[in-house]
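Undergrad: Handing you this structure, nothing more for now.
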Amino acid sequence: MLDDIDRLILRELQQNARLSSEELGEKVGVSRSSAQRRVQNLRETGAIQREIAVVSPRHVDAVMTFVVEVELERERIDLLDEFRRSVLKLEEVQQCYYVTGHTDFILIVLAKDMASFDAFSRRVFTENPNIRRFHTNVVVDQVKVGLSIPV
Numbered sequence: 001m002l003d004d005i006d007r008l009i010l011r012e013l014q015q016n017a018r019l020s021s022e023e024l025g026e027k028v029g030v031s032r033s034s035a036q037r038r039v040q041n042l043r044e045t046g047a048i049q050r051e052i053a054v055v056s057p058r059h060v061d062a063v064m065t066f067v068v069e070v071e072l073e074r075e076r077i078d079l080l081d082e083f084r085r086s087v088l089k090l091e092e093v094q095q096c097y098y099v100t101g102h103t104d105f106i107l108i109v110l111a112k113d114m115a116s117f118d119a120f121s122r123r124v125f126t127e128n129p130n131i132r133r134f135h136t137n138v139v140v141d142q143v144k145v146g147l148s149i150p151v
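Shown next, in the form of structure tokens:
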């Protein structure tokens, strides 16, 4: 279970994962060695899953974001699992959610332009006989994009 110090550490690291143990300790009110031990424990227990660099899509030619709703032909467990596995292999798909409601999955997809997205959607959705329909929304403006979670 997380205590208050662990929660403070997680909040700080979500904003800057490059903080040294000394800087982190100062920010949360513990010694350098305590901060170091706590971070190691948070990694080992899975509270910290990964430490990554967040790359701006605009700097790597992935300037368009698409929100795609996918409805499968049949809601069979094997088809759901097959679709999940296939999405994991697609680098264009940044996020995938299995949802309730009128659709089965919601995907967040990045592409450099409409032509690239069109090729992607034909390959992934149109040519897949297990997909009944898909609906795409083009993101006009990213009002808020966050990676940190409330702790």
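As numbered in UniProt numbering, the sequence shown has no gaps in its residue numbers, which increase by one up to the final residue, 151.
Beta carbons: idealized from backbone N, C-alpha and C, even for Gly.
Model, not experiment: these values are computed from the prediction.
1) Specify the secondary structure class of N41 as computed by DSSP and reduced to three states.
2) By DSSP's criteria, F117 is part of a beta bridge. Which residues make up the other side?
3) What three-state label does DSSP hand H59 in the structure shown?
4) Pull up the CB-CB distance for residue 188 and V28, whole angstroms please, since I reckon it's below 8 Å.
5) Do you know offhand how far D4's Cα is from L13's?
6) Given that a residue counts as buried once 16 or more other Cβ atoms are within 10 Å of its Cβ, and exposed if not, what is residue 159?
TA: Once the coordinates are examined:
1) For the purposes of this step, residue 41 is taken as residue 41 along the sequence shown, with counting starting at 1. Reduced to three states, the DSSP call for N41 is helix.
2) Residue mapping note: residue 117 aligns to position 117 of the sequence shown, counting from 1. Its beta-bridge partners do not exist; DSSP assigns none.
3) As a first step, residue 59 must be located in the sequence shown, where it is residue number 59. DSSP places H59 in helix when its eight states are reduced to three.
4) No answer is possible for residue 188: it lies beyond the span of the chain, which begins at 1 and ends at 151.
5) Here the question's residue 4 lines up with position 4 in the sequence shown. Here the question's residue 13 lines up with position 13 in the sequence shown. Their backbone Cα atoms lie some 14 Å apart in a straight line.
6) Any question about residue 159 goes unanswered here, given that the chain covers just 1 to 151.
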